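Before any comments, here is the structure.
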Amino acid sequence: MEPAIFYPIFINTCLLIMVFMVLHALILDINSNKNIVFINISGYFLLLFSILFIGLRPVSGKYFGDMITYARYFDYYQSGGAIAMDKDWVFHYFMMLNAQVFPKAIFFTVCAFLYIFPMYRFSKSISKKYWFYCFYLLLVSFSFWSYGTNGIRNGVATSLFLLALSYRSNILTMYIIFCLAYLTHQTMLLPIVAFSLTYFVKKPKLYIAGWLIAIPLSLALGSFWENLFASLGFADERLSGYLTGEADPNSFKSTGFRWDFLIYSASAVFTGWYFIFKKKFKDPFYLQLFHTYLMANAFWILVIRANFSNRFAYLSWFLIGIVIIYPFLKQTFFKFQHLTIGKVALAYFGFTFFMFYVYYS
Numbered sequence: 002m003e004p005a006i007f008y009p010i011f012i013n014t015c016l017l018i019m020v021f022m023v024l025h026a027l028i029l030d031i032n033s034n035k036n037i038v039f040i041n042i043s044g045y046f047l048l049l050f051s052i053l054f055i056g057l058r059p060v061s062g063k064y065f066g067d068m069i070t071y072a073r074y075f076d077y078y079q080s081g082g083a084i085a086m087d088k089d090w091v092f093h094y095f096m097m098l099n100a101q102v103f104p105k106a107i108f109f110t111v112c113a114f115l116y117i118f119p120m121y122r123f124s125k126s127i128s129k130k131y132w133f134y135c136f137y138l139l140l141v142s143f144s145f146w147s148y149g150t151n152g153i154r155n156g157v158a159t160s161l162f163l164l165a166l167s168y169r170s171n172i173l174t175m176y177i178i179f180c181l182a183y184l185t186h187q188t189m190l191l192p193i194v195a196f197s198l199t200y201f202v203k204k205p206k207l208y209i210a211g212w213l214i215a216i217p218l219s220l221a222l223g224s225f226w227e228n229l230f231a232s233l234g235f236a237d238e239r240l241s242g243y244l245t246g247e248a249d250p251n252s253f254k255s256t257g258f259r260w261d262f263l264i265y266s267a268s269a270v271f272t273g274w275y276f277i278f279k280k281k282f283k284d285p286f287y288l289q290l291f292h293t294y295l296m297a298n299a300f301w302i303l304v305i306r307a308n309f310s311n312r313f314a315y316l317s318w319f320l321i322g323i324v325i326i327y328p329f330l331k332q333t334f335f336k337f338q339h340l341t342i343g344k345v346a347l348a349y350f351g352f353t354f355f356m357f358y359v360y361y362s
């Protein structure tokens with residue numbers, strides 16, 4: 002199968018499920034047996050399909066970006082090479098172990114499992130009955146495909162973060178998995194520290210104010226923030242390179258202050274504000290997720306001009322779908338809530354569909 006058709010097959014499979022999801026929302030109650038059967042069958046199908054479809058894709062640098070780099074590392078370890086990096090060593094030891102046991106296709110399938118299964122596990126942890134809606138939004142997120150096929154290590158690390166959150170009732174287990182996420186990709190320090198701070202600072206108005214203030218600070222001071230964080234040793238040599246390095250032609254379509262992606266980010270900010278202040282939704286874990294998102298996204302806004310700012314954007318964007326759908330799965334807010342969920346999911350999926358078929362084409 003040609004690499005070029007993989008994402009179109011995936012996104013159109015999700016489109017087909019979206020069509021049936023909206024039809025069910027129009028004619029069925031969310032608790033009806035037909036709907037529950039449909040979302041469970043669809044959810045488990047997507048879980049198996051996405052893992053195998055992404056994992057067994059052909060190796061291609063043209064269509065899957067850094068996949069070719071991972072393939073070369075795998076070949077290096079398979080030939081008996083020593084650990085090639087002293088950073089993110091958990092992932093490299095994991096790759097070396099796989100290279101001694103499995104062929105390359107199995108390695109990438111295991112990576113796909115580590116990327117996607119934690120999304121399922123997290124979705125189940127917030128709603129055993131309606132988990133499909135959260136899982137679906139995670140799979141149709143704007144950055145999902147890229148970090149499953151290109152920035153693989155970064156994608157696995159963020160999914161380990163979600164896996165850790167699914168064990169939030171056991172703080173020790175959660176932080177052990179947080180450590181694994183950090184040692185898989187060191188950029189995870191940002192969301193881990195942000196989430197940890199939410200235990201001590203619990204005022205949503207303060208976080209929203211900080212997010213809003215980051216916008217004029219970024220506009221007024223320009224590249225000051227990229228140079229500041231790089232010079233302060235905020236990150237290691239590689240991550241500092243993300244702040245000051247040359248543009249990646251396979252990342253954002255253009256650089257500079259990205260108003261379009263700021264609006265995209267603001268969708269989750271508006272959702273959190275709406276449910277917390279207008280609907281008086283006071284779920285403690287949701288507040289932590291929302292506050293984590295605001296802090297991580299505010300950091301991205303400050304370094305938005307960096308040529309690799311997409312790497313930092315993903316440190317908040319992987320939470321967008323969760324921030325948007327979580328309240329719907331916990332409490333009834335609307336008379337026709339099932340239909341509202343369908344509309345929200347359609348709009349969220351529609352953005353990803355538009356970006357692929359219109360913006361990037």
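Residue numbers (this note's numbering): 2 to 362. Heads up, the beta-carbon is just placed ideally off N, CA and C, and yes, glycines get one too. Keep in mind that this is a model prediction, so the values were computed, not measured.
Asked, Found
"Cβ pair T293, F145 closer than 7 Å", "no"
"Exposure label - L16; buried when at least 16 CB within 10 Å", "exposed"
"Classification of A248 by the beta-carbon crowding that lies within 10 angstroms, buried from 16 upward", "At A248 the pLDDT is 47, less than 50, meaning the model places this residue with poor confidence; the figure from the coordinates comes in the next sentence. A248 comes out exposed."
"Endpoints, alpha helix (DSSP H) assigned at M22", "F7 to I28"
"At least three beta-carbon pairs within less than 8 Å, the region 157-174 to the region 326-346", "no"
"For Y168, the three-state DSSP class (helix, strand or coil)", "coil"
"Y94 burial status per 10 Å Cβ neighbour count (16 or more: buried)", "exposed"
"Segment limits, alpha helix (DSSP H) that includes H93", "W90 to V102"
"Euclidean distance between Cα positions of V345 and Y327", "12 Å"
"Element boundaries [alpha helix (DSSP H), containing D76]", "M68 to Q79"
"Of the residues L213, A299, A158 and L163, the one placed nearest W90, counting alpha carbons only", "A158"
"Sequence-distant residues of its chain with Cβ nearer than 7 Å to L330 (five each side left out)", "I127, S128, Y131, Y134 and C135"
"Cβ shell of P59 (< 6 Å), same chain only, five flanking positions each side left out", "P4"
"Pick from F352, L207 and T199 that is closest to Y287, judged by C-alpha positions", "T199"
"Neighbour-count burial assignment, I18, 16 or more Cβ in a 10 Å radius", "buried"
"Stretch pair the region 57-72 + the region 104-112: three plus CB contacts closer than 8 Å", "yes"
"Proximity winner among F282, L29, I153 and M120, relative to A165 (alpha-carbon distances)", "M120"
"Segments assigned alpha helix (DSSP H), at least 4 residues, entirely inside the region 126-210", "132-140, 145-150, 153-166, 172-185 and 190-198"
"Per-residue DSSP class, three states only, for F337", "coil"
"Anticipated Cβ contact below 8 Å, Y116 with S160, distance rounded", "5 Å"
"Buried/exposed call for W301, threshold 16 Cβ in 10 Å", "buried"
"Terminal residues of the alpha helix (DSSP H) in which D261 lies", "W260 to W274"
"Enclosing alpha helix (DSSP H) for N298 [first to last residue]", "P285 to L303"
"Assigned secondary structure, M356 (DSSP; H/G/I helix, E/B strand, else coil)", "helix"
"Pick from S317, I28, L24 and I10 that is closest to M189, judged by C-alpha positions", "S317"
"7 Å Cβ cutoff met for L303 and A221", "no"
"Nonlocal neighbours in the same chain, by C-beta distance under 6 Å from N262, ignoring five residues either side", "Asn is not the amino acid found at residue 262; the sequence shown has Phe there. Once the five neighbours on either side are set aside, F262 has no close Cβ partner at all."
"Identity of the residue in L347, A299 and I28 nearest L218 by Cα", "A299"
"Run of the alpha helix (DSSP H) containing F50, from where it starts to where it stops", "N34 to G56"
"Spatial neighbours of T174 in its chain, beta-carbon cut-off 7 Å, leaving aside the 5 residues before and after", "Y168"
"7 Å Cβ cutoff met for V324 and A269", "yes"
"Straight-line gap, F376 to P285 (C-alpha atoms, nearest Å)", "No statement about residue 376 is possible, as the shown extent of the chain runs from 2 to 362 and does not include it."
"Beta-carbon spacing of I55, A113 below 7 Å", "yes"
"Terminal residues of the alpha helix (DSSP H) in which S310 lies", "S310 to W318"
"Cα-Cα separation between C180 and Y358, rounded to whole angstroms", "38 Å"
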